[in-house]
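Residue numbers (this note's numbering), protein chains in the order written: chain A, 562 to 791; chain B, 13 to 140. Just so you know, even glycine gets a beta-carbon here, dropped at the ideal spot from N, CA and C.
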Amino acid sequence: MIDAWWSLPLTVFAYFLARKLAAKINISIVNPLLVAMAIVIPILLLTNLPYTRYFAGSSLLNQLLQPAVVALALPLYEQMHQIRARWKTIISVCFIGSITAMVSGTAIALWMGATPEIAATIMPKSVTTPIAMAVSASLHGIPAISAICVLIAGVLGAVFGHMLLNLFKVNNKSSRGLAIGNASHALGTARAAEIDYQEGAFSSLALVICGIITSLLAPFLFPLLMHWWG
Amino acid sequence: MPAVLSACWRYVRAFAIIYAALYAGIGISSLLPITIPGSIIGMLLLFLLLALHILPVEWVKPGCHLLIRYMALLFVPISVGVMSYTDILTAQFGPIVVSCIVSTFMVLLIVGLSAERLQRPREEKPHD
Chain A
562 MIDAWWSLPL TVFAYFLARK LAAKINISIV NPLLVAMAIV IPILLLTNLP
612 YTRYFAGSSL LNQLLQPAVV ALALPLYEQM HQIRARWKTI ISVCFIGSIT
662 AMVSGTAIAL WMGATPEIAA TIMPKSVTTP IAMAVSASLH GIPAISAICV
712 LIAGVLGAVF GHMLLNLFKV NNKSSRGLAI GNASHALGTA RAAEIDYQEG
762 AFSSLALVIC GIITSLLAPF LFPLLMHWWG
Chain B
13 MPAVLSACWR YVRAFAIIYA ALYAGIGISS LLPITIPGSI IGMLLLFLLL
63 ALHILPVEWV KPGCHLLIRY MALLFVPISV GVMSYTDILT AQFGPIVVSC
113 IVSTFMVLLI VGLSAERLQR PREEKPHD
């Protein structure tokens with residue numbers, strides 16, 4: 562906690578500056594999270610401060626992630642009537658999404674020359690960090706790298722997700738939310754909730770369902786994929 | 013200043029409930045044979061309490077709104093961590109980075125399009 566005096570204000574300042582900038586410049590790449598990263602990383606590199614000290618100083622924010630996930634119960638509750646009317650669609654879409662995420666990620670990685678260890682690391686990349694790290698460990702992957710893959714998937718969805726969905730004319734708020742939640746877990750959900758409350762609700766729903774599906778299926782699917790690969 | 017005090021009390025109450033759900037979730041997750049994080053179970057618990065009208069929504073609203081509104085801020089510290097993995101990411105660029113990128117876009121499109129298709133018959137879209 563010794564580093565909190567500079568790390569915490571730096572993070573908060575970078576984030577609010579980024580938010581202001583993102584509100585002014587309406588391009589998807591000017592995303593609050595991405596801009597905040599682009600402010601903090603160069604500062605740490607220039608001042609030669611190690612990431613571990615920065616992270617230790619900002620650990621308060623990281624600890625708040627857990628209650629933030631619990632707080633997603635509110636949008637879920639508020640959209641309950643919508644969800645009840647479409648629960649079949651929601652479950653089948655999340656099932657399709659989870660399988661696509663696991664199979665495509667692992668298959669492409671293997672095709673590009675990944676070792677089984679790296680393939681296992683990539684498999685759970687579309688679910689929220691704590692689930693992804695646990696699944697990765699159980700498949701003998703590298704949890705720390707899984708966290709990075711989760712981050713890549715999350716940032717991509719948060720930054721380019723809406724652009725891509727617009728391009729393919731996915732206009733329903735529920736479809737958009739489900740797509741973002743499937744591909745980009747909590748990070749995408751945070752962005753979806755920033756843009757539209759209902760979209761955020763469906764995104765958090767997908768986040769929960771996909772997390773559960775992935776943790777249940779990955780232990781069976783991974784050996785099967787490795788077997789097919791030979 | 014009773015107004016300020018009551019506002020504070022509303023936030024304290026909301027956060028107390030959220031943390032209670034979180035710790036109950038963590039407790040339950042340690043008992044389960046599969047790995048589902050405590051925060052996800054906590055979310056389901058809080059949702060159940062709201063859905064069954066055991067807990068009034070107003071009690072948790074202030075805290076939930078605050079956390080959701082600034083959720084992206086909470087991801088900044090972890091995200092900055094990319095900087096400490098640059099060597100493995102450049103060495104394994106194809107298998108790790110490219111597969112994550114391609115697969116993420118595939119999921120976005122497949123889910124988005126199939127959700128649109130599955131919902132279309134029930135919704136009124138005469139000109140589509």
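Find out if the Cβ-Cβ distance for the pair F117(B), L671(A) is shorter than 9 Å. no
Who are the near neighbours of G767(A) in its chain, counting only those whose CB is closer than 6 Å to its CB and skipping five residues on each side? First, the residue type needs correcting, since residue 767(A) is Ala and not Gly in the sequence shown. Correct list, in chain order: C655, L739, G742 and N743.
According to DSSP, is H65(B) helix, strand or coil? coil
So what's A591(A) in DSSP terms, helix, strand or just coil? The sequence given here has Val at residue 591(A), not Ala. Note: V591(A) maps to coil in three-state DSSP.
Taking buried to mean at least 16 other C-beta atoms within 10 Å of its own C-beta, is M724(A) buried or exposed? exposed
Beta-carbon spacing of L626(A), I40(B) below 9 Å: Against a cut-off of 9 Å, the Cβ pair of I40(B) and L626(A) comes out as no contact.
Using a Cβ-Cβ cut-off of 6 Å (strictly less than) and excluding sequence neighbours within five positions of I548(A), which residues of its own chain qualify? Residue 548(A) lies beyond the residue range present for chain A, which begins at 562 and ends at 791; the question has no answer from this structure.
Proximity to L85(B) [Cα-Cα], best of A617(A), L637(A) and P593(A): Nearest C-alpha to L85(B): P593(A).
Below 8 Å, is the gap between the Cβ of W566(A) and the nearest heavy atom of the ligand ATP? The model depicted lacks the ligand ATP and carries no ligand whatsoever.
Pull up the CB-CB distance for Q131(B) and S735(A), whole angstroms please, since I reckon it's below 8 Å. So it is a contact: roughly 7 Å between Cβ atoms.
Check T676(A) in the structure and name its three-state DSSP category. coil
Ordered along the chain, which non-local residues of its own chain (more than five positions away) have a Cβ less than 8 Å from that of L101(B)? These residues qualify, in order along the chain: V94, I108 and V109.
Report the rounded CA-to-CA distance for V640(A) versus Q104(B), giving the unit in angstroms. The residue you asked about is not Val; residue 640(A) is Gln in the sequence shown. Distance between the alpha carbons of Q640(A) and Q104(B) is about 42 Å.
Take A714(A) as the anchor and find which of L60(B), C112(B), L34(B) and R25(B) has the nearest alpha-carbon. C112(B)
Is it buried or exposed for K686(A), if we count other Cβ within 10 angstroms and need 16 for buried? buried
Would you report the Cα separation of V664(A) and L786(A), rounded to the nearest angstrom? Computed Cα separation, rounded: 8 Å.
Where the alpha helix (DSSP H) through T689(A) begins and ends: Here T689(A) belongs to no alpha helix (DSSP H), and DSSP marks it neither H nor E.
Enumerate, from N- to C-terminal direction, the unbroken alpha helix (DSSP H) stretches of 4 or more residues contained entirely within the stretch 617-678 of chain A. 620-624, 626-632, 634-639, 641-646 and 648-672
Note the first and the last residue of the continuous alpha helix (DSSP H) segment covering Q131(B). S111 to Q131
Positions along the stretch 107-122 of chain B whose CB lies within less than 7 Å of some CB in chain A: P107, I108, V109, V110, S111, C112, I113, V114, S115, T116, F117, M118, V119, L120, L121 and I122
My output table needs one value for G702(A): the three-state DSSP class, helix, strand or coil. Correct three-state label for G702(A): coil.
Counted within 10 angstroms of its Cβ, other Cβ atoms place C710(A) as buried (16 or more) or exposed: That one is buried.
Taking T47(B) as the reference, which of W789(A), W566(A) and I773(A) has the closest Cα? I773(A)
Can you check which of these residues, N623(A), K730(A) and A565(A), is closest to P691(A) by C-alpha distance? From the listed residues N623(A), K730(A) and A565(A), the smallest Cα separation to P691(A) is found for N623(A).
Contact under 9 Å by Cβ, S697(A) with P780(A): no
At a CB distance below 7 Å, what residues from the stretch 79-98 of chain B approach chain A? Give them in sequence order. L79, I80, M83, A84, L85, L86, F87, V88, P89, I90, S91, V92, G93, V94, M95, S96 and Y97
Kindly indicate if chain A contains any beta-carbon less than 9 Å away from that of S42(B). no
Could you compute how far the alpha carbon of Y147(B) sits from the alpha carbon of V601(A)? As displayed, chain B neither begins before 13 nor continues past 140, which places residue 147(B) out of reach and without an answer.
Under 9 Å between the Cβ atoms of L67(B) and L58(B)? yes
Could you give the residue range of the alpha helix (DSSP H) that holds D757(A)? Counting along the chain, D757(A) falls outside any alpha helix (DSSP H), and DSSP gives it neither H nor E.
Under 6 Å Cβ to Cβ from A26(B), same chain only, skipping five residues before and after it: list those, please. Contacts found: V72, P74 and G75.
Which of helix, strand or coil DSSP assigns to K581(A): helix
Would Y31(B) count as contacting chain A if we go by Cβ distances under 9 Å? yes
Let's test the definition: count the other Cβ atoms within 10 Å of the Cβ of T613(A) and tell me whether it reaches 16, buried, or not, exposed. exposed
Compute the Euclidean distance between the alpha carbons of P628(A) and S51(B), then round it to the nearest angstrom. When rounded, the distance between both Cα atoms is 7 Å.
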